[in-house]
Amino acid sequence: MFLNALGGFRCVTAQDDELARSLDLPRWAYVACIAAPAAVPSLVTGVRLGFGYSWRALIAAELIAAGSGLGYLILDAQELQRTDVVMAGILVIGLLGWAMDWAFQRAAAALLGRRFPEAAA
């Protein structure tokens, strides 16, 4: 997410910098009116990627050390040779991940769609 934010702030064009200098904008106004809006699409992408990575990390942590949860269910079913439960657990993990990504996309589109169509895509 940090790298996406950094990349987003680097998206400020030379024209935007020249505009800020010609208007003699204070630093806070430059950040609030020019730099932050330029970074929004990259920030949204970073948050979306962060959700995916955190979901995978949660499942991995459950596989390793938890006493409950989907990861534990899959590991326990594997030890008991319950392939049907393993496949169902994997399917549930995938569907939940897809649903979270879909919900985040819809929320981003609703909140940012008009002003930042590339962030809502």
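When we follow full-length UniProt numbering, the leftmost residue of the sequence shown carries the number 1, and every step to the right adds one.
Cβ coordinates follow ideal geometry from the N, Cα and C atoms, glycine included.
Treat the numbers as computed from the prediction; the structure is a model and nothing was measured.
Residue i (DSSP reduced to helix, strand or coil)
i            : result
cysteine 33  : helix
valine 85    : helix
proline 26   : coil
leucine 73   : helix
serine 42    : helix
arginine 56  : helix
valine 12    : coil
arginine 115 : coil
glycine 94   : helix
alanine 20   : helix
Residue i versus residue j: straight-line alpha-carbon distance, rounded
i             : j            : result
serine 22     : arginine 114 : 28 Å
alanine 35    : arginine 48  : 20 Å
tyrosine 72   : glycine 50   : 23 Å
valine 31     : leucine 58   : 35 Å
isoleucine 74 : leucine 19   : 57 Å
alanine 103   : glutamine 78 : 31 Å
Exposed unless 16 or more other CB atoms sit within 10 angstroms - verdict on residue i
i             : result
alanine 29    : exposed
isoleucine 90 : exposed
Inter-residue CB distance, residue i and residue j (contact presumed, cutoff 8 Å)
i                 : j           : result
aspartate 16      : alanine 38  : 7 Å
residue 123       : leucine 111 : Since the first and last residues shown for the chain are 1 and 121, residue 123 lies out of range.
methionine 1      : glycine 46  : 4 Å
glycine 97        : glycine 67  : With a Cβ gap of about 22 Å, glycine 97 and glycine 67 do not count as contacting.
glycine 8         : leucine 43  : 6 Å
phenylalanine 116 : valine 12   : Actually they do not touch by this definition, with Cβ atoms about 15 Å apart.
Touching or not, the segment 57-64 and the segment 100-115, by the rule of three or more beta carbon pairs under 8 Å?
Taking a cut-off of 8 Å for Cβ pairs, the segment 57-64 and the segment 100-115 do not touch, as fewer than three such pairs fall below it.
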